[in-house]
Ligand code: NAP
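Numbering (our numbering), first residue to last: 1490 to 1926.
See the structure below:
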């Protein structure tokens, strides 16, 4: 077989795992991994909470993939802006979209457009220093913050808001966000779930971390906690729910220590509106049949919220030239197949569910399909990297290769004092460090 050329769009976990699997299975294949950012690793750099450094160790494995001669990183190249899908399809024997899910889902309630209401995608991108989100300064005046959603992203946000400067300095949170968090006058955090504690999608270790915040008292009504998981769950889910309920009972039993920040856990509270004059001031909630206690079902009540963060899931960004399933917010595909020679993997294939190992399994499955297809019909051996380099050069696109990323990595580490890294958060700075431009 002529050595095939494969393009992967997105250098996050799914893209890296797919590249690695193809490099293993098809020695000799030329694999180009594109990313719109000058930096690789997608949500490991831009999504994983900055105080969960252990989770980020996975990048060591991804770096080994980029050190293989067959695999190139091409950062600062956006498909749809610098290259289009037709050009990829013409130059590579297979194209794999692994572009993740970057857009916030909408709540679709009145007041959602008020200043002071922000989606977790933008909020997390801001504190993680993703270029383009650097200027969001949503924390400056908020005393009471409502975080909507009962998933791990909501937990990340609430936990970080509960941390003090010393704890934040030990993270790689972007500097402007760190300063805003540290100066935040927040006194009340509200974690708002539209369903009950047994329906929350928290994982137990992450939920337990809320109990370890030295300046936060948790307010939770024990009477609203079911004694055991509901019937009908599979064994693993029942175990997680039982453990979550045990953790929540522990929170409810804690004495009120009068700490500077109160964290209120509200369940069965459906957001129906955000109100305020110049910006968000109150979140209006409709209680479901089971609570919160003292609220009659369906009778809306308000909580103060001068910042509302919605952490209710994500949608993928359409890639021009690829079919999009608008109702699910994913690239339209059947089992990873998008069109002849074009595939999708990770969150852009199946939606924003599951942790990094789930994307590994997904990427390996799709990469194996690609390998099988290339083996069955080897094609004519498309021009691949050389032709694409010429196109990018002609268009004046300043790409960042893996050595450029290593220069960014080294510079961010070198300027970090007592922190894992001090991120560069503007494209111009990243390019200048990567390429000396
Ligand atoms: P998620 O786990 O799907 O949680 C989304 C939450 O939003 C759910 O509680 C959902 O409630 C709620 N929701 C959806 N629409 C809503 C609406 N209109 N009004 C009110 N609430 C609404 O999503 P995520 O937290 O964004 O996390 C995405 C994935 O990343 C998950 O697989 C998560 O485990 C993973 N992740 C993992 C970690 C970690 O391991 N530390 C950290 C962050 C993220 P319903 O259940 O009622 O729909």
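All residues carry an ideal CB built from backbone N, CA and C; glycine is no exception.
Query	Result
Own chain residues within Cβ distance below 7 angstroms of residue 1904, not counting five before or after	1911
Rounded separation between residue 1796 and residue 1592 - CA only	19 angstroms
Residue nearest to residue 1646 in terms of C-alpha spacing, selected from 1664, 1611, 1574	1611
Closer than 7 angstroms: residue 1808 CB and nearest ligand 2 heavy atom	For ligand 2, the structure offers nothing, since it holds only ligand 1.
For residue 1750 and residue 1789, believed in contact at Cβ under 8 angstroms, the rounded distance	Contact flag wrong, Cβ pair sits at about 26 angstroms.
Heavy atom of ligand 1 within 7 angstroms of residue 1888 beta-carbon	no
Whether residue 1633 touches residue 1676 by CB criterion (8 angstroms)	yes
Check: residue 1690 C-beta below 7 angstroms from any heavy atom of ligand 1	yes
Best match in 1895, 1653, 1818 for proximity to residue 1921 [C-alpha to C-alpha]	1895
Option in 1605, 1917, 1616 with minimal Cα separation from residue 1532	1616
Chain-order list of residues whose beta-carbon lies under 7 angstroms from that of residue 1926 (same chain, five-residue window excluded)	1887, 1920
Entirely enclosed alpha helix (DSSP H) segments - the segment 1550-1595, minimum 4 residues	1574-1580
Where residue 1901 falls, given that 16 or more other Cβ within 10 Å makes a residue buried	buried
Exposed unless 16 or more other CB atoms sit within 10 angstroms - verdict on residue 1815	exposed
CB-CB length for residue 1838 against residue 1851, believed under 8 angstroms	7 angstroms
Cβ neighbours of residue 1727 in the same chain (closer than 7 angstroms, five flanking residues each side left out)	1718
Residue 1753 - partner residues in DSSP beta bridges	1679, 1708
Best match in 1827, 1871, 1722, 1844 for proximity to residue 1855 [C-alpha to C-alpha]	1827
Candidates 1496, 1517, 1544, 1694: closest to residue 1660 by CA position	1544
Ligand 1 heavy atom lying under 7 angstroms from the CB of residue 1616	no
Cutoff 8 angstroms: residue 1695 Cβ touching any chain D Cβ	No chain D is present in this structure, which holds just one protein chain.
Span of the alpha helix (DSSP H), counted from its first residue to its last, around residue 1601	Note, residue 1601: premise wrong, no alpha helix (DSSP H); not H, not E.
Local conformation of residue 1823 per DSSP, three classes	strand
Residue(s) in a DSSP beta bridge with residue 1903	Beta-bridge pairing links residue 1903 to no other residue.
8 angstroms CB neighbourhood of residue 1604 in its chain, flanking five on each side removed	1767, 1768, 1769
In DSSP terms, what residue 1608 is bridged to	1799
Minimum C-alpha distance to residue 1535 - residue among 1589, 1860, 1644, 1792	1589
Under 8 angstroms between C-beta atoms of residue 1833 and residue 1575	no
Residue 1639 beta carbon near ligand 1 (any heavy atom closer than 7 angstroms)	yes
The segment 1543-1559 in contact with the segment 1516-1527 per 3-pair CB rule at 8 angstroms	yes
For residue 1752, the nearest candidate out of 1801, 1715, 1700, 1529 (CA to CA)	1700
Every unbroken beta strand (DSSP E) inside the segment 1496-1551 [3 residues or more]	1519-1524
Beta-carbon proximity check, residue 1800 vs residue 1609, cutoff 8 angstroms	yes
Beta-ladder partner(s) of residue 1813, from DSSP	1820
Where residue 1524 falls, given that 16 or more other Cβ within 10 Å makes a residue buried	buried
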